[in-house]
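Chains as they are written, first to last, in our numbering: chain A, 1454 to 1673; chain B, 1244 to 1386. Here is the structure we will look at.
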Amino acid sequence: MYAIVAGGGKVGANVARSLLRLGNEVTLIEQRRDRFERLEEEFEHQVQRGDATELHVLERAGVARPPDIVLALTGDDEDNLVIAQLAKEKYGVPQVIARVNDPRNQAHFDLLGISPTVCAASSIMALVEHEVPEHEIIHLLELRKENLEIVEVQIDRDSPSAGKRVENLDLPDGARLISVMRGGHAEIAVGATQLEEGDQVLAILEPGKEDELRRVLLRR
Amino acid sequence: MKALIVGCGRVGSSIALQLQQEGWEVTVVDENEDALARLGERWPGIFLVGQGIDVDVLREAGIEEADAVVAATDGDNTNILVGQVAQKRFDVGCVVVRILDPARADFYSERGLRVVCPTKTAIDTLMGAVRSCVPANVARVTL
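See the structure below:
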């Protein structure tokens, strides 16, 4: 596989190194001279200096071949967006992954159809919510392309769904239960599955169905 | 008519002042509060300190009611993003984006942004000026 990695900071350099270790062909692009010189000692001809939002820089890195994948991993969200748009729409790169530094910019990537994206701050927040639940519904995964999300719900003693079978729950359209975790053991949720206090339930749903799901499972 | 100018450098501030004189209601956004000085001491419009790509700032600056948005920060990629957000998310009818890099200017104008590329304008103007220095007969001989 041939990959272009834009941005030679900690993220970009580590990804490039990992890709190379797996036997891939990689070109890393870094704009800052000090960083570039350090990277050059390790990556030699596999790192190029330049602004990866400039077409001639991307072309020198072989974007017109095109590569199998372009990774836009700079510390600047505007730059990552432009790199991703150029790669996808100008050069027809089949796969683009973009880094989102500021989670508030996620909406811009979604608006412009840049997917998948990776945002460290959002991932860490999702883990924090998972470990220290503040809300009854924890977001585990967003499937952007499918426009679906996977959430976790903890059933407690006061939940109206405790003691009920899944088939008897009045689940909203656009929401399904996936699995039930009880005593460290997970089972696929079927119609006959009975929910109990302490269950951790995974559900898949369309965005916006959360309140209805919360009402059915937790009534809050 | 309402205009939102993102970026209050030499270009953005001049556009803001001219539009305001022509009777527009103008709001200016810049990340640096010192940029307000470029609008003069008696700027009657609104000036907001903030990032042009921050949707909350754009909303506060009235992008939802704006008839025109001009993206004129010193960053091409910021302007590209502001322009696309104004056009695609907020459906602003007139969106004008300054892009200094001619290559990116071409790409985004093909994709439907109204792009102004001062670099290309400068090249054309300079070339015209140089050509006009050459007497017509010399030009013909070199051809």
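Heads up, the beta-carbon is just placed ideally off N, CA and C, and yes, glycines get one too.
Please state if the CB of V1340 (chain B) and the CB of A1246 (chain B) are separated by a distance shorter than 9 Å. no
Extent of the continuous alpha helix (DSSP H) to which S1375 (chain B) belongs: 1361 to 1376
Taking L1324 (chain B) as the query, report the chain A residues whose CB atoms sit under 9 Å from its CB, ordered along the chain. D1530, E1531, L1534, V1535, N1558, H1561, L1565
Spatial neighbours of S1352 (chain B) within its chain, please: CB distance less than 7 Å, with the 5 preceding and 5 following residues excluded, ordered by chain position. V1358
Going by the DSSP bridge assignment, what does D1273 (chain B) pair with across the sheet? B:V1292
Could you list the residues in the region 1340 to 1370 of chain B with a C-beta less than 8 Å from some C-beta on chain A, going in chain order? D1344, A1346, R1347, F1350, R1354
Any Cβ of chain A within less than 9 Å of the Cβ of K1245 (chain B)? no
How would you call H1583 (chain A), buried or exposed, if buried means at least 16 neighbouring beta carbons within 10 angstroms? exposed
Run through chain A and tell me which residues come within less than 8 Å of G1334 (chain B), C-beta to C-beta. The question names Gly, but residue 1334 (chain B) in the sequence shown is Asp. Under the 8 Å cutoff, chain A gives no residues; its nearest Cβ is about 12 Å from D1334 (chain B).
Taking T1480 (chain A) as part of the beta strand (DSSP E), name the residues at either end of that continuous run. 1478 to 1483
For a contact defined as C-beta to C-beta under 7 Å, what are the partners of N1275 (chain B) on chain A? Those within 7 Å of N1275 (chain B) in chain A number zero; the least Cβ separation is about 17 Å.
Do three or more CB pairs link the region 1296 to 1311 of chain B to the region 1325 to 1339 of chain B at distances below 8 Å? yes
Expressed to the nearest angstrom, what Euclidean distance is found between the alpha-carbon atoms of E1602 (chain A) and V1292 (chain B)? 36 Å
Could you name the residues of the same chain whose beta carbon sits closer than 6 Å to that of I1289 (chain B), not counting the 5 residues immediately before and after it, in chain order? T1270
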